[in-house]
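Accompanying notes for the structure given below.
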Amino acid sequence: MKMLKKAAGMILTSAVMLGMAATAFGAGNMPTAVDGTKGVKTSENFENLFDGSVGTKWCVAKTDPYVIFSLPSQQSVTGYTLVTANDSLQWKGRNPKSWTLYGCNSAAVPGVDDSGWTVIDSVTEDETMKNQNSTAYEFALDQPAPAYQYYKFQVEEKGLTMQLSELILEYGGSSQAVQQMVDGANGINNGEGPDRMLDGKASTKWCTINSEPWIIVEMTTPVSAKGYYMVTGNDSSRYKGRNPKSWTLYGCNADTAPDENYGGWEVVHQVTDDTAMEDRNAASYYFALGQASPAYRYYMLQIEEKQSSMMQLSEFAIDYEGLTFGYTGLNGTTSTESSESSGGVSGPLMCGSCAGRGSNHCFVCQGSGISGGEQCDNCGGTGEVRCTACNGTGWIQ
């Protein structure tokens, strides 16, 4: 591969599929869900629309489901993004079909039937959203809406069940982003391509024999990287030696989607002869940058050296200010990780191991027999960590 790289009441006008796989991230100005139609399970409630994870979803069976949410301040919306659930291929026909987005400003939280709601956008008999997992669709307005603090998203038509992973408003200053795949080195089969690293599921993986495998991702808005997450393959303990060994993370702001040979890539971070990543199934590792990168729209992860002829990874995500990175673990539960949270990262981490995360991400739970709900005090000075289900397995569930 040869590359030159530098060190260092309105009507919907368009609906664009942003990518075949996407990871949604929430930032500090993320909307707050205040009311809505309850999900079919407590783990599938409307709050999941704003948790920054495509590994969770809002799934409802009731008619005319809705969610009311607020922003920290009044904002003029220019569009919004809907992300399909990460199991839409398995459960087809669950995308919303007709819906309305409303806005209002009131002294108190408005109710679903309050008279102050103003229509921002309406979609009828939508045909753009497909039965694809974790796929982001952007709905642009023909002109900016008035500035509102409260918003209501109401579905007027659906199948027997409706589900969505994320709802993201677009406005000036918003740092919410969706990460979607642009391109990448082929996997060893169609089911193990690079898009699997962005599907929010640790049970899938990118597995390739390419000599220098790479993946390019695009953010819906340029973000300044603080670090990045990589999750090992779902069967790494069985097929040892498949973790990447040396790699480089690049960034750029090209006018159009770049390829791996684009001359404007700039080095964001490099790792040589890594020893942190272990042969463990679906283990999450965080790599912090010495300082935040410039804000880039495109990022490329290129593996320069593999541990063996094959390389595999389950998930990959760029970290930026306020990020919540989430995915569905091997046991089916949702794992969320944030470099901002006290006590380090939460999710399926190793008991008794920092697992290469550094001092800000220590989950030192010392031992594998911690009972549910027990407080773990030896957390490397980063605060207490609540272990919910180690139960002799060596994992925090």
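All letters in the sequence shown, in the order written, are residues -26 to -1, 1 to 371 by mature numbering (1 follows the signal peptide of the UniProt record, and there is no 0). Don't be surprised by glycine CBs; every beta carbon is placed ideally from N, CA and C. Since the model is a prediction, treat every value here as computed from it, not as a measurement.
Worksheet item: Are at least three pairs of beta-carbons, each pair with one atom in the stretch 265 to 282 and one in the stretch 134 to 143, less than 8 Å apart?
Response: Contact between the stretch 265 to 282 and the stretch 134 to 143 is absent: fewer than 3 CB-CB pairs across the two stretches fall below 8 Å.
Worksheet entry | Cα-Cα separation between LEU115 and THR92, rounded to whole angstroms | One-based indexing of the sequence shown puts residue 115 at position 141. One-based indexing of the sequence shown puts residue 92 at position 118. When rounded, the distance between both Cα atoms is 15 Å.
Discussion item. Which same chain residues end up closer than 7 Å to ASP61 when comparing Cβ atoms and leaving out the 5 residues on each side of it in sequence?
Written reply: Residue mapping note: residue 61 aligns to position 87 of the sequence shown, counting from 1. Cβ neighbours of ASP61 beyond the five flanking positions: ASN107.
Worksheet item: Any chance the stretch 273 to 287 sits against the stretch 228 to 247, with 3 or more Cβ pairs inside 8 Å?
Response: Output reads yes: the stretch 228 to 247 touches the stretch 273 to 287.
Worksheet item: What do you reckon, are the CB atoms on PRO218 and MET155 nearer than 9 Å?
Response: Stepping through the sequence shown from its first residue, residue 218 is reached at position 244. Stepping through the sequence shown from its first residue, residue 155 is reached at position 181. Cβ atoms of PRO218 and MET155: not closer than 9 Å.
Fill in: Whether LEU138 touches ALA59 by CB criterion (9 Å)
Taking the first residue of the sequence shown as 1, we reach residue 138 at position 164. Taking the first residue of the sequence shown as 1, we reach residue 59 at position 85. Between LEU138 and ALA59, the C-beta gap is smaller than 9 Å, which places the two residues in contact.
Worksheet item: Taking the C-alpha atoms as reference points, what is the distance between LYS36 and THR135?
Response: Mapped onto the sequence shown, residue 36 falls at position 62. Mapped onto the sequence shown, residue 135 falls at position 161. Near 8 Å, if we compare the C-alpha coordinates of THR135 and LYS36.
Worksheet item: Can GLU252 and THR206 be called in contact, C-beta distance under 9 Å?
Response: The residue given as residue 252 occupies position 278 in the sequence shown. The residue given as residue 206 occupies position 232 in the sequence shown. Yes, these two residues count as a Cβ contact at 9 Å.
Discussion item. If I measure Cβ to Cβ from GLU279 and keep anything under 7 Å in the same chain, skipping five residues before and after, which residues do I get?
Written reply: On the sequence shown, residue 279 is found 305 positions in, with the first residue counted as 1. Counting only residues of its own chain and dropping the five nearest sequence neighbours on each side, GLU279 has a CB closer than 7 Å to the CB of LYS219, SER220.
Item to complete: Please work out which residues of its chain come closer than 6 Å, Cβ to Cβ, to THR178, disregarding the five sequence neighbours upstream and downstream, and give them in chain order.
Response: Within the sequence shown, numbered from 1, the residue matching residue 178 stands at position 204. So the list reads ARG170, once near-sequence residues are dropped.
Fill in: Distance between beta carbons of ASP293 and ALA176, contact taken as under 8 Å
Within the sequence shown, the letter at position 202 stands for residue 176. Within the sequence shown, the letter at position 319 stands for residue 293. About 17 Å; that fails the 8 Å criterion.
Fill in: In DSSP terms, what PRO218 is bridged to
Residue 218 sits at position 244 when you count from the first residue of the sequence shown. LYS280, per the DSSP bridge assignment.
Worksheet item: Short check: CB of LYS71 to CB of GLU18, under 9 Å?
Response: Taking the first residue of the sequence shown as position 1, residue 71 is located at position 97. Taking the first residue of the sequence shown as position 1, residue 18 is located at position 44. No; because the gap between Cβ atoms is not below 9 Å, this pair is not in contact.
Worksheet item: Looking at the unbroken beta strand (DSSP E) that takes in PRO46, where does it start and where does it end?
Response: Working through the sequence shown from its first residue, we reach residue 46 at position 72. Run containing PRO46: 40 to 57, per the beta strand (DSSP E) assignment.
Discussion item. Can you tell me where the beta strand (DSSP E) holding ASP95 begins and where it ends?
Written reply: Taking the first residue of the sequence shown as 1, we reach residue 95 at position 121. 92 to 97 is the span of the beta strand (DSSP E), which, as asked, contains ASP95.
Discussion item. Suppose you measure from the CA of ASP209 to the CA of SER80; what does that come to, to the nearest Å?
Written reply: For this step, residue 209 is matched to residue 235 along the sequence shown. For this step, residue 80 is matched to residue 106 along the sequence shown. Taking the straight line from one Cα to the other gives about 52 Å.
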